[in-house]
Amino acid sequence: MGLPNGYHVKFGPTEWEDASAEGFAVPRTKVVSGVCRSNPEEQDEEKWIWDVCPEDFDVDFMDLWFAVRGGGGGTYGVVTSVFLQLHEYLPYNVYEFSPSVEECSAFLPKLQQFQAKYFMAPSLLNVTKEMSLACGSAGGVGLSDLHCYGEEGVMQAWTNFLELSNSTEAVACLLHSVDSSSDESPRSYPEVLLMDENSRFPGKVEDDGLMWFPTQIGTANVLVPQPWVDESEENIDILLSMGMGMLLPYYAYGVATSSFSDQANSLPQSLRDAATMASYLAGYNVFWSDLFPKMYDISDKTMFPAVFQANHATFGVAGPRKDDWTKYCPWEWTLEERKEKCISGQEAIYGTEVLRRLEAIKLAVDPGFMFNCTDCIGNNLDLAKTPEVEVPPVESVAASFASTYAAAIFATVLYFCLSLF
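Its first residue numbered -2, the sequence shown is counted upward by one per residue in our numbering.
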């Protein structure tokens, strides 16, 4: 990773401790160590020399590890390579709703209830939590397919649901469109996206065209806590009945995200513990006035909770008013008024505590604000009040980076995508 101070570093965890007694499936990271490249003028990667960083390096690798893993993209440096731990393929199944069929179209509200219960309250359908977590669905404006890894169990859950709702005639409204038992079926979601042999570019990912959304409306994507859903089955109905104020929930919080954490990253725990994500329009005050105080503990007025989902945050989105967290930030206010009188989008994404730490890391790693991107950490700080720092030029490092310019651009895009998840 290339840092704003001119150093090229690589770093990662070197000490761990068992955290299974606290419910975590992976060890807790205790120490993160790193090294600096001592021959930045060398362009041949095989000849790079990694050594102990100099005494004046003054960057905490533990903080850097925490920040780049969830703390927003493009603001701490340029990632030039990354190591990922992959997992073996599990059986892959896809279940497709058929609202185009006349009898299924009338059954659409029931289909939405099935999705909601399968993901947020699976026990109501005799489904284990593990099986529910193995599936996901994008939700949004209409119904989306269910994508599942592991043993097939959705069709039985569908049957259970129909029997409970006395609607067994709608059994054909759910199709098992990708069956893992077939040798010809795709093994994963990426394979589903590949174009077939009859297309112009077989084996390539299809381009669906430019995605657009009227961002001036100001949609916000809120994390719905699982404990709130568990309080009452009626809460599921509340989410599904928000009408034009909120879109259908986004069910992509599976595979035990709450326990698969080394506890040394900046993803808020509310993101890991969320039952789902629900989108609402900025001028729709019902969330802040009614749902927000019930979903989150807002008794401490110095600590705003992490309530927004970062990966779907739109430009200009803000939390509620600072003087009253149960009132939305008026969209007709100017940007200056919103910055002064409303909880920032960053604070609503990370929560006060995590945001403060990320801003401190930003100032330590990049005091000269070499990287200052829209809505990235530190972007909305009052630069006039931050100390002026002169970052000395490092010509040899600059020359070395220039030789790998294309790789750096690619790595930056990759880093941005990975850090948001």
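Glycine included, C-beta positions come from ideal geometry on N, C-alpha and C.
Nearest to Pro246 by alpha-carbon distance, out of Gln306, Leu352, Met128, is Gln306. Taking the CA atoms as reference points, Gly71 sits about 11 Å from Ala64. Each residue's CA atom was taken as its position, placing Glu228 and Pro51 some 54 Å apart.
For Tyr92, DSSP records a beta bridge to Leu143, His173.
Remark: C-beta atoms of Gly348 and Pro290 do not approach each other more closely than 8 Å.
For the options Phe8, Lys298, Glu166, Gly(-1), the alpha carbon positioned closest to that of Phe80 is the one of Phe8.
Note on Arg335: 16 or more other CB atoms within 10 angstroms of its CB, so buried under the neighbour-count rule. Along the length of the segment 33 to 87, whole alpha helix (DSSP H) runs at least 4 residues long occupy 58 to 65, reported in chain order. Within the DSSP bridge table, the entry for Ser178 names no partner. Assignment of beta-bridge partners to Glu160 by DSSP yields no partner. By the 16-neighbour rule on beta-carbons within 10 angstroms, Arg353 is exposed.
Take the alpha-carbon of Cys145 and the one of Trp330: they are about 43 Å apart. Shown here for Lys201: same chain residues with a beta carbon closer than 6 Å to its own, the five before and five after excluded, namely Met192 in chain order. Relative to the Cα of Gln153, the nearest Cα in the group Leu171, Ala103, Ser256, Thr11 belongs to Leu171.
Taken through DSSP and simplified to helix, strand or coil, Pro183 comes out as coil.
Between Val32 and the set Gly20, Asp15, Met59, Trp13, the nearest pair of CA atoms involves Met59. Per DSSP, the continuous alpha helix (DSSP H) segment holding Asn232 begins and ends at 231 to 237.
Secondary structure within the segment 271 to 358: the beta strand (DSSP E) runs of 3 or more consecutive residues, fully enclosed, are 271 to 278 (chain order).
Gly69 is positioned such that its CB atom lies no closer than 8 Å to that of Gly(-1). If the five residues before and after Leu121 are omitted, its C-beta is found closer than 6 Å to the C-beta atoms of Lys114, all from its own chain and listed in chain order. It is roughly 11 Å from the alpha-carbon of Asn282 to the alpha-carbon of Gly316.
Boundaries of the beta strand (DSSP E) around Pro10: 6 to 14.
Of the residues assessed, Pro199 falls on the exposed side of the cut-off, its CB having fewer than 16 other CB atoms within 10 angstroms. Close CB contacts of Pro10 within its chain, under the 6 Å cut and outside five residues either way in sequence, are with Thr26, Val29 (chain order).
If you draw a straight line from the Cα of Ala310 to the Cα of Gly3, it comes to about 31 Å. Listed in chain order, the non-local C-beta contacts of Ser35 below 7 Å within the same chain comprise Ile46, Asp48, local neighbours out to five positions each way being set aside. Arg197 is not bridged by DSSP to any residue. CA-CA distance, Ile235 to Glu42, rounds to 57 Å.
The Cβ atoms of Gly365 and Pro1 sit closer than 8 Å to each other. Straight-line measurement puts the Cα of Val168 at about 10 Å from the Cα of Asn157. Taking C-beta separations shorter than 6 Å and ignoring five residues to either side along the sequence, the partners of Asp142 in its chain run Val91, Glu93, following chain order. Considering only Ala271, Asp372, Tyr293, Asp321, the residue with the shortest C-alpha distance to Val314 is Asp372. Between Met292 and Val221 the beta-carbon gap is near 7 Å, inside 8 Å, which marks them as a contact.
In summary, His84 is exposed, with fewer than 16 beta-carbon neighbours lying within 10 Å of its beta-carbon over all protein chains present. Under the three-state reduction of DSSP output, Val29 falls in the strand class. Assigned with DSSP and collapsed to three states, Leu105 falls in helix.
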